[in-house]
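Asker:
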Amino acid sequence: MWSLFAIWVVFVHHILAHIQMSNPYPIRSPLDPENGDNRDYSYTNPLSASGSDFPCKGYQSDPFRPTATYAAGGQYQLSLQGSATHGGGSCQLSLSYDTGKTFTVIKSIEGGCPLTSTYEFTIPSDAPLGKALFVWTWFNKIGNREMYMNCAQVIIEQGPANKFSPRKEQHARQMVSYSSRPSIFIANVHGPGECVTIAGDEVKFPEPGPDVEGSVTGVGYTCSVVANPPQLLYGDLSTPTSTYVTSIQSTILGLSSMSTSCSTNGAIICGATGQTWSVCNDGTVTSMGSVAAGTSCKDGVIS
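Using mature numbering (1 follows the signal peptide of the UniProt record, and there is no 0), the letters of the sequence shown map in sequence onto residues -17 to -1, 1 to 286.
1. Our contact map puts residue 262 next to residue 193 with C-beta atoms below 8 Å; I'd like the distance itself, whole angstroms only.
2. Could you tell me the alpha carbon to alpha carbon distance between residue 171 and residue 181, rounded to whole angstroms?
3. Can you tell me which of 111, 125, 113, 68 puts its alpha carbon nearest to the alpha carbon of residue 97?
4. Do you know offhand how far residue 74's Cα is from residue 114's?
5. Out of 112, 105, 166, 125, point me to the one whose CA is closest to residue 196's CA.
6. Can you give me the Cβ contacts of residue 7 inside the same chain, cut-off strictly under 7 Å, excluding the 5 residues immediately before and after it?
7. Pick from 48, 168, 179: whose alpha carbon is nearest that of residue 91?
8. May I have a chain-ordered list of the beta strand (DSSP E) segments no shorter than 3 residues that lie completely inside the region 78 to 113?
9. Would you call the region 9 to 29 and the region 77 to 88 in contact, with 3 or more CB pairs under 8 Å?
10. From residue 255 to residue 285, what does the alpha carbon distance come to, in whole angstroms?
11. What does the Cβ neighbour count give for residue 54, buried or exposed, with the cut at 16 atoms within 10 Å?
12. Under a three-way DSSP split, which group does residue 140 fall into?
13. By Cβ distance below 7 Å, which residues in the same chain neighbour residue 159 in space, the five residues on each side in sequence not counted?
14. In terms of residue numbering, what span does the beta strand (DSSP E) encompassing residue 4 cover?
15. Determine the direct distance from the alpha carbon of residue 46 to that of residue 100, and round the result to whole angstroms.
16. Per DSSP, which residues does residue 131 bridge with? Please list them.
17. By Cβ distance below 7 Å, which residues in the same chain neighbour residue 71 in space, the five residues on each side in sequence not counted?
18. Let me know if residue 259 comes out buried or exposed under the rule of 16 or more other beta-carbons within 10 Å of its beta-carbon.
19. Using 8 Å as the threshold, is the C-beta distance between residue 65 and residue 120 below it?
20. Identify which residue in 244, 199, 177, 24 has its Cα closest to the Cα of residue 130.
21. Is the distance from the Cβ of residue 257 to the Cβ of residue 281 below 8 Å?
22. Does the distance from the CB of residue 2 to the CB of residue 76 come in under 8 Å?
23. Work out the CA separation of residue 201 and residue 133 for me, nearest whole Å.
24. Look up residue 44 in the DSSP assignment and say whether it is helix, strand or coil.
25. Beta-carbon separation of residue 348 and residue 191 under 8 Å?
26. By how many angstroms is the C-alpha of residue 86 removed from the C-alpha of residue 111?
27. For residue 61, which residues does DSSP report across the bridge?
28. Mind reading off the beta-carbon distance from residue 142 to residue 57? Whole number of angstroms is fine, and I expect it under 8 Å.
29. Can you tell me whether residue 166 is buried or exposed, with buried defined as 16 or more other CB within 10 angstroms of its CB?
30. The beta strand (DSSP E) with residue 290 in it runs from where to where?
31. Determine the direct distance from the alpha carbon of residue 25 to that of residue 38, and round the result to whole angstroms.
32. Could you tell me which of 199, 5, 109 sits nearest to residue 162, measuring between CA atoms?
Below, the structure is given as structure tokens:
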């Protein structure tokens, strides 16, 4: 019979071996001392490849109990715990105000994530106030093609006008309105576009937003349809909506006259109207759908 110490060692190894968000505590985190018996001891597992537990491992509608309060415009630190970093990868931080139907990117980390245990981030100064989900997503470099997603319940409050320096407020990321920021990238869970990451590569996000840390070469993923229409309402990922199918058809028709080959890997190719875009993926033009609301694509730049 195992001793209590042996059982404890196995338990600690299980929850620390892989990576999970430790600050703020995500919903049902086994690390959160306030969770009582409502803990998921398999929290470090990736999302199901079927998409059945997207988003937030299926916990996005749990009774609201915030584990952090952030001020709009404030700078904070994300903490991660665990050792199985799978060679790094790329991560995004985002906010959701509609219980996980849409996610707005506030920071993208391209390459080397999560090789360090902490990352700095800024809550956009014009982020909506109130209850929100703060979300960390990760696409690993080495191992199975997976998507990791931890969601914490937080409160965004008004920040004092004099707390943050004007110079920081004038930074490019603060000049992009919250409503113009992109939706998160989704792959490996049978989501929109049926995107799959490439083993051994790190993802270069198609729409990283204005706050980007790091850089990678190449694309790091392939999509069989159209990837990530901005702010799509994600419900059952296994059943595409008629609106989404119509969007795919319209986009394909709009790009039908474009060349299907390209030379600069990772380059952005704008549609004729400026409202659609594609990316050069190993010599092939891959349609990425519409640009985010309030933005346009011109001369290879989405702004």
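Just so it is clear, CB atoms sit at the ideal spot from N, CA and C, and this is done for glycine as well.
Answerer: If we stick to the structure as given:
1. Residue 262 to residue 193, Cβ: 18 Å. No contact.
2. Each residue's alpha carbon lies about 10 Å from the other.
3. Taking the Cα of residue 97 as reference, the smallest distance to any Cα among 111, 125, 113, 68 is reached at 68.
4. When only Cα atoms are considered, residue 74 and residue 114 end up about 23 Å apart.
5. The shortest Cα separation from residue 196 among 112, 105, 166, 125 belongs to 105.
6. These residues qualify, in order along the chain: 50, 51, 117, 135, 137.
7. When C-alpha distances from residue 91 are compared across 48, 168, 179, the shortest belongs to 168.
8. Complete beta strand (DSSP E) runs here, min 3: 87 to 92, 101 to 105.
9. The region 9 to 29 is not in contact with the region 77 to 88.
10. If I take the Cα positions, the gap works out to 13 Å.
11. By the neighbour-count rule (16 or more Cβ atoms within 10 Å), residue 54 is buried.
12. In the structure shown, residue 140 sits in a strand (DSSP, three-state: E or B).
13. Counting only Cβ-Cβ distances below 7 Å, and skipping sequence neighbours, we find 193.
14. Its beta strand (DSSP E) spans residues 3 to 6.
15. Rounded to whole angstroms, residue 100 to residue 46 spans 28 Å at the Cα level.
16. Residue pairing by DSSP puts residue 131 in a beta bridge opposite 121.
17. Take residue 71, set aside five residues on each side of it, and the residues of its chain with a beta-carbon closer than 7 Å to its own are 94, 95, 96, 98, 124, 185, in chain order.
18. Burial call: buried.
19. Taking C-beta atoms as the reference points, residue 65 and residue 120 fail to come closer than 8 Å.
20. If we check each option's Cα against that of residue 130, 177 comes out closest.
21. Taking 8 Å as the Cβ cut-off, residue 257 and residue 281 qualify as a contacting pair.
22. For residue 2 and residue 76, no; Cβs fall outside 8 Å.
23. Whole-angstrom Cα-Cα distance: 26 Å.
24. Taken through DSSP and simplified to helix, strand or coil, residue 44 comes out as coil.
25. What the structure shows of the chain is the stretch from -17 to 286, and residue 348 is not part of that stretch, so it cannot be assessed.
26. Their backbone Cα atoms lie some 13 Å apart in a straight line.
27. In the DSSP output, where bridge partners are listed per residue, residue 61 has 102.
28. Correct: roughly 5 Å between the Cβ atoms.
29. It counts as buried.
30. Nothing can be reported for residue 290, as the shown portion of the chain is limited to -17 through 286.
31. Rounded to the nearest angstrom, the two C-alpha atoms are 16 Å apart.
32. Nearest of 199, 5, 109 to residue 162, Cα basis: 109.
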